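Novice:
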Amino acid sequence: IVSWSSLVVGYFEHGLSQEALRFFEEMQVDGSFPDVITWNAVLLGCAEHGESERALMMYAQMLEQGVLPNTATFLSAIKACGNTSALDLGNKLYVQCWQGGVSEETELIMATALVEMFGNCGSMTRAQQVFDAMQWKDTPMWNALMRGYSRQGESEHALHLFERMSKEGAHPDSITFLCVLMICNHAGLLDKGQEYFESMSKAYGISPSIKHHNCMIDLLGRAGHLNDALILLKRMPYQPN
RNA sequence: ACUGCAGUACCAU
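21 is the number of the first residue of the first sequence in the numbering used here; add one for each residue after it.
Structure follows, in structure tokens:
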């Protein structure tokens with residue numbers, strides 16, 4: 021089972037989903053029956069490669085076959101619900117995923133996945149509910165909530181969360197800034213975007229990646245600051261892609 | 001005992 025599972029993971033991780041699924045079938049013909057780890061690998065592989073409907077079907081199959089879901093199973097299934105806006109199943113998983121009890125660290129990871137899922141489903145009320153229920157929130161959790169609001173077009177609220185997270189002791193990271201810059205981009209907030217971009221390295225000690233630079237080039241370009249966009253492209257410490 | 005799965009940019013006017 022370990023051999024086959026490792027093979028399946030390898031194929032998924034190299035973007036070869038069809039082959040991975042073929043080996044998942046073949047292992048069973050060969051007499052190795054997938055355990056929870058094998059199923060988890062397949063669920064996540066499907067969910068991460070645009071096959072979330074399939075992931076949810078396979079989740080049902082897994083249960084039919086009497087394999088008990090664990091934390092990793094729920095994380096993958098929750099992700100698949102977010103990708104397909106399957107809010108009903110998402111709500112069920114929200115209840116089920118706590119069964120059996122989880123460690124505090126796992127609890128936060130699970131809650132973050134739920135916030136992301138509800139955000140993807142457009143249900144910010146639920147997302148906020150899960151967020152509020154956690155006594156302490158780390159950076160990924162704040163990021164997940166922020167992305168939810170920004171996806172709903174609530175740019176101001178999302179940017180407000182940026183201010184709040186620092187006050188509450190969560191340090192913005194590289195992804196926080198990608199999110200914030202993208203919000204400025206969508207909302208056409210050039211000045212604010214530039215402020216954030218500069219504060220990244222100056223105030224937060226995070227060096228902007230090429231993705232951050234590309235956000236800024238996009239933002240400058242859309243705002244009509246074409247020469248500034250060109251200068252940034254030419255001067256950034258990355259090979260333009 | 002040990003090996004395989006484990007929470008976040010976005011996605012092209």
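Glycine included, every Cβ here is placed at the ideal spot set by N, Cα and C. Computed from a predicted model, the values in this text were never measured in an experiment.
By alpha-carbon positions, which one of PRO89, ALA97, GLU136 ends up nearest to GLY121?
Specialist: Looking at the Cα atoms, PRO89 is the closest of the given residues.
Novice: Comparing C-alpha positions only, which one of LEU134, GLY102, ASN103, LYS99 sits nearest to VAL14?
Specialist: Beyond the ends of the chain as shown, which are 21 and 261, falls residue 14; an answer cannot be given.
Novice: Going by DSSP in three states, ASP50 sits in which element: helix, strand or coil?
Specialist: ASP50: coil per DSSP, three-state reduction.
Novice: What are the complete beta strand (DSSP E) segments, minimum 3 residues, inside the segment 134 to 209?
Specialist: Runs found: none.
Novice: How far does the alpha helix (DSSP H) with TYR258 in it reach, from first residue to last?
Specialist: First-last for TYR258: undefined, no H or E at that position.
Novice: In terms of residues, what are the limits of the alpha helix (DSSP H) holding GLU73?
Specialist: Its alpha helix (DSSP H) spans residues 72 to 84.
Novice: Please state the DSSP three-state secondary structure of SER9.
Specialist: Since the first residue shown for the chain is 21 and the last is 261, residue 9 is missing from the structure and cannot be characterised.
Novice: Please report the straight-line C-alpha distance between GLY51 and ALA40, rounded to a whole angstrom.
Specialist: Taking the straight line joining both Cα atoms gives about 17 Å.
Novice: Between LYS99 and MET161, what straight-line distance do the alpha-carbon atoms span, to the nearest angstrom?
Specialist: Between LYS99 and MET161, the C-alpha separation is close to 15 Å.
Novice: TRP118 lies in the alpha helix (DSSP H); which residues open and close that run?
Specialist: No alpha helix (DSSP H) contains TRP118, which DSSP labels as neither H nor E.
Novice: Look up VAL28 in the DSSP assignment and say whether it is helix, strand or coil.
Specialist: In this structure, VAL28 counts as helix in the three-state DSSP scheme.
Novice: Taking only three categories from DSSP, how would you classify LEU128?
Specialist: Reduced to three states, the DSSP call for LEU128 is helix.
Novice: Kindly indicate the opening and closing residues of the alpha helix (DSSP H) around HIS233.
Specialist: Element bounds for HIS233: 230 to 242.
Novice: List the whole-angstrom C-beta distance separating LYS231 from LEU198, where the pair is believed to meet the contact cut-off of C-beta under 8 Å.
Specialist: The Cβ separation is near 6 Å, so the contact holds.
Novice: Given a threshold of 16 other Cβ atoms within 10 Å of its Cβ, counted over all protein chains shown, does LEU95 qualify as buried or as exposed?
Specialist: The residue in question, LEU95, is buried, as its Cβ has 16 or more Cβ neighbours within 10 Å.
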